[in-house]
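Number of protein chains: 6
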Amino acid sequence: MRRTRVVCFGELLLRLGAPGRELLLQSPRLDVHIGGAEANVAVSLAHFGHEVAMLGTVADNPLGAAATGELRRHGVDTAGVRAVPGRMGLYFLTTGAGHRASEVVYDRADSAFALATPHDYDWNALLAGADWLHLSGVSPALGPDAAQATIDAARRARELGVRVSFDGNFRPKLWQRWQGDAAGVLRELFACADIVFADYRDIGVVLGGEFPQEDVRERVRAAAAMAFEAFPQLRWMACTQRATLSVDHHSLGAMLLGRDGTEALAPAESVTGIVDRIGGGDAFAAGVLHGLIDGQGAEAAVRFGLAAACLKHTIPGDFNPVSVAEVEALIGEGRFDVRR
Amino acid sequence: MRRTRVVCFGELLLRLGAPGRELLLQSPRLDVHIGGAEANVAVSLAHFGHEVAMLGTVADNPLGAAATGELRRHGVDTAGVRAVPGRMGLYFLTTGAGHRASEVVYDRADSAFALATPHDYDWNALLAGADWLHLSGVSPALGPDAAQATIDAARRARELGVRVSFDGNFRPKLWQRWQGDAAGVLRELFACADIVFADYRDIGVVLGGEFPQEDVRERVRAAAAMAFEAFPQLRWMACTQRATLSVDHHSLGAMLLGRDGTEALAPAESVTGIVDRIGGGDAFAAGVLHGLIDGQGAEAAVRFGLAAACLKHTIPGDFNPVSVAEVEALIGEGRFDVRR
Amino acid sequence: MRRTRVVCFGELLLRLGAPGRELLLQSPRLDVHIGGAEANVAVSLAHFGHEVAMLGTVADNPLGAAATGELRRHGVDTAGVRAVPGRMGLYFLTTGAGHRASEVVYDRADSAFALATPHDYDWNALLAGADWLHLSGVSPALGPDAAQATIDAARRARELGVRVSFDGNFRPKLWQRWQGDAAGVLRELFACADIVFADYRDIGVVLGGEFPQEDVRERVRAAAAMAFEAFPQLRWMACTQRATLSVDHHSLGAMLLGRDGTEALAPAESVTGIVDRIGGGDAFAAGVLHGLIDGQGAEAAVRFGLAAACLKHTIPGDFNPVSVAEVEALIGEGRFDVRR
Amino acid sequence: MRRTRVVCFGELLLRLGAPGRELLLQSPRLDVHIGGAEANVAVSLAHFGHEVAMLGTVADNPLGAAATGELRRHGVDTAGVRAVPGRMGLYFLTTGAGHRASEVVYDRADSAFALATPHDYDWNALLAGADWLHLSGVSPALGPDAAQATIDAARRARELGVRVSFDGNFRPKLWQRWQGDAAGVLRELFACADIVFADYRDIGVVLGGEFPQEDVRERVRAAAAMAFEAFPQLRWMACTQRATLSVDHHSLGAMLLGRDGTEALAPAESVTGIVDRIGGGDAFAAGVLHGLIDGQGAEAAVRFGLAAACLKHTIPGDFNPVSVAEVEALIGEGRFDVRR
Amino acid sequence: MRRTRVVCFGELLLRLGAPGRELLLQSPRLDVHIGGAEANVAVSLAHFGHEVAMLGTVADNPLGAAATGELRRHGVDTAGVRAVPGRMGLYFLTTGAGHRASEVVYDRADSAFALATPHDYDWNALLAGADWLHLSGVSPALGPDAAQATIDAARRARELGVRVSFDGNFRPKLWQRWQGDAAGVLRELFACADIVFADYRDIGVVLGGEFPQEDVRERVRAAAAMAFEAFPQLRWMACTQRATLSVDHHSLGAMLLGRDGTEALAPAESVTGIVDRIGGGDAFAAGVLHGLIDGQGAEAAVRFGLAAACLKHTIPGDFNPVSVAEVEALIGEGRFDVRR
Amino acid sequence: MRRTRVVCFGELLLRLGAPGRELLLQSPRLDVHIGGAEANVAVSLAHFGHEVAMLGTVADNPLGAAATGELRRHGVDTAGVRAVPGRMGLYFLTTGAGHRASEVVYDRADSAFALATPHDYDWNALLAGADWLHLSGVSPALGPDAAQATIDAARRARELGVRVSFDGNFRPKLWQRWQGDAAGVLRELFACADIVFADYRDIGVVLGGEFPQEDVRERVRAAAAMAFEAFPQLRWMACTQRATLSVDHHSLGAMLLGRDGTEALAPAESVTGIVDRIGGGDAFAAGVLHGLIDGQGAEAAVRFGLAAACLKHTIPGDFNPVSVAEVEALIGEGRFDVRR
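See the structure below:
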């Protein structure tokens, strides 16, 4: 049986992190991981058994080669990643603990990805054979060229019958750098999506609404209703509910809402002993997407997504290289002793 | 005063573990520890001040030399460990966190220990001067030769008046590899033991009983009664009760039951911030054994065993190199600030 | 505006610590940090934006150079640190976990600092331009010369109108080594202080009182009253209340009491996921001192001190290199998700 | 233009090496690299820009996944690598220095590759589209099944018009383990090859000749003449001449001899400051193969091969991930200052 | 006696290097050092006992703070380093070996230093009290603003009677990025210098001459003659002669030529076992400068410079933190056994 | 056959070394090895298959335990090592390279060993069963108590018929610390020795002679003649001749001279790519001692000693854990390619 082919378009980043719980450059060493919101989803889906390809642009130097090589290691096709003169986007991470929050220092301006123009991508060729296109709100926030390229990709996908998955990932600081019209651009992208990963805050940015409801889930329900009304092609909206008790201890629940009125809840998990919280949202998105691609019902899909996200919190790096069997084992048993 | 001499027979293993909480080979490095159920007990007892000797077989190469050298470092006599051409048993460990269970990949088939024949051991010589022989259910599970060697050791010890300590350590996967008669072999070993470390599940395997009681402790009591009836030489049965709230947070209690009706309970401890859970059961066994050798009462012995096991969870590696004073400090005070 | 100049007199120590949660020399590597009660305060105050100078004596070798270099890295002026032939004080640290307490093995006898005589310091020159002098009870405990030098410094400061901050830091083992009159020496130092970091146990040592009150805070109130009576120049007394639930989980509250009857409480924080507890008290002292220097009220100062101490528990090493903004962010929000 | 497709059949091994110049397990850590004679060639050719696929069998566990993932990282197609229950072949490496030779301890018996039967490979499918098949003498030495599979591959390739490259790599110890008929099996493989990487010692094994000539190159010439006579399809024979002045300093020259009488020499290079000598021969083979595929003349090809081998000695691990441009830069200039 | 005060103006860079002799990101870790041509000189001079201040601009983030902190650690005053929003210049280093040259990948475009305008520096204040200003040809190559700032500094120094030391450091790639008039700008800087570190290639760029002499030293003599003629204020010209036998083995000699006809030669040293060649030229410049400041004759100065450079090749990182005594010990004895 | 029992009396030291070729505390980490001149000999002899026991005194803390544990790991009996309150002797090592000599910073004053009194050792018991006692000139240099204990040991050995091996190891700095009569004490020790490891410089110290001969070997011959005359019990004198071409490249030859006129020379080896030179002399002493114990002739013994010393230069740490087979392989072949 043919595997579902998912293509992900976005920037590959190098994370340069302080070891363990050290402050940045407290000792003169950095641990390197590869990441990027869309790449994180790509790697998850490849480990879930799908055919996955990454699309984008990297620097034609050893750093860019390391980024694409790492994706290939996880089984992602990188033939659609351009390598051009330029620089790679970087981010420096200090992982917190207890009362000290983790901190990211971005150094991603003027990366090869951000400077690529819409003309650099041949979407007909890049989307050929794809069943799904996954995008996120990070790419269009990087500048007008990246925004246009992202919109082009989404529209062309829609025209070609490729389903579109869009993760809101609203980052105000990035939009402010170039005074971009976040609401306008994101609205165009929402207007192409079959599924959005977004909560009431994203919908508020895109559609201008306010959600005064006291209960978080009520706010999400209202936002979803507004989204389904505004975007007639939209079929699903999914999001997590996260509470941070300390840096090492979060509570994480999730919802998946359908245009047809379906509402699936994954009850909140107590996420303790957190190793690496980065990429948790992307792991959730990949998990839900897998569930839906796999034809599971909404409830199974959102539970799969939440369990995948829980596992991500235990794994160093941005990626969540876990198999379907490992996610299902967590859902099924919840036994935590050594597996021999 | 002459120190009690304990000899331990079993396989030495090399643990090759992913650093920290990384996935296996996520970065290209492995941290190495030496282990093995019986060796773990040997090291504990040596640190408790007893005269301890390891018996067994290793490969005559740098890996085998590293294993015996590490035991000597901890004060264990390794003159009784044969070094022959062959390979060392290995296991690869991925230490989990939070919702992600730790995983062991064994690569121990056809090790020098597993291939040693009963004729390779001269039990009269090896047991000379010993007060106790410690064995576990891992050795006989490795194959017919290892099973016979273990039975030979236990029987000869019994004949020589050497007391026998036996840790059930039932591992179905190992027995399945060679279709061994686990129940039959283990029954022979139980039949030689003065003390067994076993709970109702082990007794179920060995004697075929079922324990439908809702309360775990009731099941243990019933199993002990059955064991004391089946094995007239058996004087003690001890076991822990473990519940896993997450990979980093367990609850651990313990029981020690005597043929004479003695029942000693160590109330459950909340074991948090777990560093390394491997070897926890062996640390318990060594602690109880120390208590009994030391002439402490049953309650003191089981509390000592549980405290030793709690400390093991905080120490990287399979061994539990803590002193009697350190265990007693934990029992006595339970103060956790820096000791200067 | 002129920055407040604080000078700190005390010993610089090298900490040689086992990596992670390993036992000391379990693997053949030591991680090095620089510390010392007064140096820890110096580094904190420098990061809070004050002009800070360290006074003292180090060995004229690469270890002493590393210690002063590390202070300079954090912005502390080290021109007043003498480098003379001799040895550096060392301490070896095993960081505990769960049920296993951290342990310090001191190797600081006969250090260059401990052997320096009162005549080696020209206090008029060293205190020139200073607004505050910070001392602790560790220095006088190192020997008669160090005790006299500390008293000289405190008295000269008082005469020159330099305010004196004194952290009790009572260490009975150090005093016993040379049979020093702890109570007498400390009394002289308390008699020079504008602020003391001390609780009822310190006051008991110095003034001989007993504090039978059941409630800890009542004991502190009684001790403060006794101190304000005995030491007419004393204006403030501050201390923390720490409870250790496990090695990784403490509860930490704080009080600041004024001669004028002011009593400010910082409610107890649950300090989880502790990375490094060493230097927590010094971080508190620096935080309170900053608050008072900054002209904040008592309540703001004690909350600032407690928040600084909480952050210290998350940072490897003895120092607490956090900015005012970082401490205030913790007080203000208490949000623990990644900051991008 | 279509890229040349090279398929390589052989075992993937995990190298577990002592860090730096330490003895094995002198400190409790191992550095991991992936290797295997044929995989080394595959990775080189992929970095030289060819389309490369690996064929073989790995264990269906995290170690096998790491091995194939690492090949993918270097751009090698691993779709033709089977993953089945079993174990991975391992080797433990102690890297020497000065007067101390490097040492390999093999632990590769009964690996998933060695136990795979000839029926496990569908050569028609695996060779479809290939231009070249690369094999080595290591695979058939692993046991009768592996030997037959290798012969099957070579013969089927010949039938399908796929050119065959064969690296002698004679390892007497491996053949002795199963009493294999090395000469007979290797003769069958030589009889299928278009190019063999072999010197007079290999030819001596295969054809029984002796080469008493004093000059090494004369011996190689005589062996080549004998080989071209015995194997009418054979077009090229290539080999290096290595002299070891110390562990860190070798001399390395090379020859490429053609059936048509071509003789190309690459003059001996002084290879100093050796970082990792493992894989040097495979790097040479890949370099010569690239030169021939690329249509360079014999002299250019052998110089390219030798330069690639020289670079390999400077790179940690078994692979030689250098580009054509990097090899050519070495041939062209031989300037050794920093490139900015 | 007042110490000579030297101020150095230039960019601070973070070096992110592959560990040991690995390829970049071969393993996922980077070792960090701070560097920059002028900062390297600053650190050397501070270790030689001079009063040294760094001038420049860094990013107001943890990376910039790490850079200035590291300079302070080495005793350099960083009060004149501005911290502003922006990014730090980075470079990625792969250290070569044997036949494989080291490679630098720069990622320094649009750094906070490069974007600083001439108006950001108040030269009268920054040069107050200085005896020497050290500059290099790297700064003006970074862009028109940096070029103008460097020229301003040099001219103002000349007006204020501060001596100017200028290291040519010609980097064509940097000038090409912004099409800068290298010859014109460098000429203006040469025209302010009391001493230039330059050889015939630099003079060729600046004055357009060609130096066809076969002997390198003749070329240097001719270039010096031309320079002394063109720049009447110039008193000294110094340079090294380097030959690279392999990446780990260089030959290094040096010359110092005076306007008065002085010619001092330091005979070529065989530099073997090279640990880190970066910063060798800066170490030489600092050594010569120290010799001249110290009032040594030309021959002593150039020998001191060459010995300092030789030591630099043995020290990881860009800095050369060696004392006068250590350099003199090398000149004096050349004994290489352990010093106890 | 009974193995020869050798007992070694001396101090165990902890070496705290900068990693790789870094300067001390350039990065905040130290690598730890155990050493000590006599312990180094003990470990070598244990690896050569002899029964070896260490005698001495360590601190009763984790550092002392690590030192004795490490000796046990290498097969040395540590039952005769006392553990008492106190401190361990330390030394800090910076390993040089090229032109930069390695440097040792000692921190060994007032160690538990140095403070032990002659009455702390019961020589009759400690020497029981011994065939040889090995001592060195380091122990008596540590203070009057250590000097007396060493003399006691040597004299008692002589009385008991235990042969005495003495390594001069003259360290003027240590003797100066306590104004000890080096010549007098060493004379007493030479007067007890069957073999001394010493060259003309040691003999000059002990017997006051001068050796003006130009040829080093002539000086050694003259010194040996003087020693055999002065010390009638002395049978052998052995020493190396070392020349240091650079830190990484030495030349090392050796001589063994007998009272009976035997003179055995081991021609100088070029020792390149030096990893760790510390302990080279001890490795030589152990090698010669092994040769003599083994009944080899003088020439075989001195060649064995030199080959052992060459191997030591390639091994990190103070110990030389190589087997007889490994030393003989070096003597026999001198082949330096990988051993598989």
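Which chain is which? The protein sequence lines are A, B, C, D, E and F, in order.
If you use the UniProt record's numbering, the first sequence corresponds to residues 1 to 340, in order.
If you use the UniProt record's numbering, the second sequence corresponds to residues 1 to 340, in order.
If you use the UniProt record's numbering, the third sequence corresponds to residues 1 to 340, in order.
If you use the UniProt record's numbering, the fourth sequence corresponds to residues 1 to 340, in order.
If you use the UniProt record's numbering, the fifth sequence corresponds to residues 1 to 340, in order.
If you use the UniProt record's numbering, the sixth sequence corresponds to residues 1 to 340, in order.
Glycine is no exception: its CB is placed at the ideal position from the N, C-alpha and C atoms.
Please read these numbers as outputs of a predicted model, since none were measured by experiment.
| Query | Result |
| --- | --- |
| At least three beta-carbon pairs within less than 8 Å, the region 78-96 of chain B to the region 56-64 of chain B | yes |
| Minimum C-alpha distance to His-250(C) - residue among Arg-155(C), Ser-270(C), Ala-128(C) | Ser-270(C) |
| C-beta atoms of Asp-194(D) and Gly-168(D) nearer than 8 Å | no |
| Between the CA atoms of Ala-301(E) and Glu-328(E) - distance to the nearest angstrom | 11 Å |
| Contact set between Val-32(C) and chain F, taken where Cβ atoms lie within less than 7 Å | Leu-25, Pro-28, Arg-29, Leu-30 |
| Cα-Cα separation between Asp-248(C) and Glu-22(C), rounded to whole angstroms | 15 Å |
| Residues that His-250(E) bridges to, as DSSP identifies them | Thr-244(E), Val-271(E) |
| Three-way DSSP call (helix, strand, coil) for Gly-204(F) in this model | helix |
| Inter-residue spacing [alpha-carbon to alpha-carbon] between Arg-25(C) and His-50(E) | One point to set straight first is that residue 25(C) is Leu, not Arg, in the sequence displayed. Cα to Cα, the separation comes out at about 41 Å. |
| Residue span of the alpha helix (DSSP H) that contains residue 350(A), given as start and end | Outside the shown range of chain A (1 to 340) lies residue 350(A), about which nothing can therefore be said. |
| Unbroken beta strand (DSSP E) run spanning Leu-90(A), endpoints | 89-94 |
| Leu-186(B) to Phe-228(B) span [Cα, whole Å] | 15 Å |
| Sequence ranges, alpha helix (DSSP H) only - wholly within the region 100-129 of chain D, length at least 4 | 112-115, 123-127 |
| Nearest residue (CA-CA) to Arg-171(D), options Gly-180(D), Tyr-121(D), Val-164(D) | Gly-180(D) |
| Cβ-based burial, Phe-117(D) [other Cβ within 10 Å; buried from 16] | Note on identity: in this sequence residue 117(D) is Thr, with Phe being the wrong assignment. Answer is exposed; the Cβ neighbour count stays below 16. |
| Span of the alpha helix (DSSP H) around Val-302(D) | 298-312 |
| is_contact[Glu-103(C), chain B] using C-beta, thresh 8 Å | yes |
| Trp-175(C) (DSSP reduced to helix, strand or coil) | helix |
| Glu-51(B) (DSSP reduced to helix, strand or coil) | strand |
| Gly-209(D): contacting residues in chain H (beta-carbon distance under 9 Å) | Looking at the structure shown, chain H is missing, and the protein chains on hand are A, B, C, D, E and F. |
| Beta bridge counterpart(s) of Cys-8(F) as assigned by DSSP | Met-54(F), His-134(F) |
| Where the alpha helix (DSSP H) containing Ile-331(D) begins and where it ends | 324-332 |
| Status (buried if at least 16 other CB within 10 Å, exposed otherwise) for Asp-215(F) | exposed |
| The region 96-113 of chain C in contact with the region 124-134 of chain C per 3-pair CB rule at 8 Å | no |
| Distance between Ala-97(A) and Gly-137(A) (C-alpha atoms, nearest Å) | 28 Å |
| Cβ-based burial, Gly-161(B) [other Cβ within 10 Å; buried from 16] | exposed |
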